[in-house]
Amino acid sequence: MSCLELVEAEAGYGRIKVIKGINLCVEEGKVVLLVGPNGSGKSTLAKVILGL
Numbered sequence: 001m002s003c004l005e006l007v008e009a010e011a012g013y014g015r016i017k018v019i020k021g022i023n024l025c026v027e028e029g030k031v032v033l034l035v036g037p038n039g040s041g042k043s044t045l046a047k048v049i050l051g052l
C-alpha cells in the first residue's frame, strides 16, 4: 500500500525555520486535516508536500 510520507521535514523563509522535524505518514485513501492557529505553518507544510 502506498503512503505519503515525510521524515524530519523542515522548511522556512530565509533564515527563519517555520517547521522542523515533521514526521507524517498518510496511507492511500485516508484524509488528513491540518488545524492550527494563524502562523503555525499549515500552508508551509502544504507547500512542502506539494514540492513548492
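Under the UniProt record's numbering, the residue at position 44 of the sequence shown is numbered 44, and the numbers go up by one with no gaps.
Ideal Cβ placement from N, Cα and C applies to all residues, glycine included.
Compute the distance between the beta-carbons of residue i and residue j, then report whether it is under 7 Å.
{"i": "L45", "j": "I19", "result": "yes"}
{"i": "K42", "j": "G36", "result": "yes"}
Determine the closest residue to residue i out of the options, with distance taken between C-alpha atoms.
{"i": "S40", "options": "S2, I22, G29, G14", "result": "I22"}
{"i": "L24", "options": "L6, V31, K30", "result": "L6"}
Is DSSP giving residue i helix, strand or coil here?
{"i": "V32", "result": "coil"}
{"i": "L50", "result": "helix"}
When the Cα atoms are used, what is the spatial distance from residue i to residue j?
{"i": "V26", "j": "G14", "result": "29 Å"}
{"i": "K2", "j": "A9", "result": "Position check: residue 2 holds Ser in this sequence, whereas Lys was assumed. Rounded to whole angstroms, S2 to A9 spans 19 Å at the Cα level."}
{"i": "K47", "j": "L34", "result": "13 Å"}
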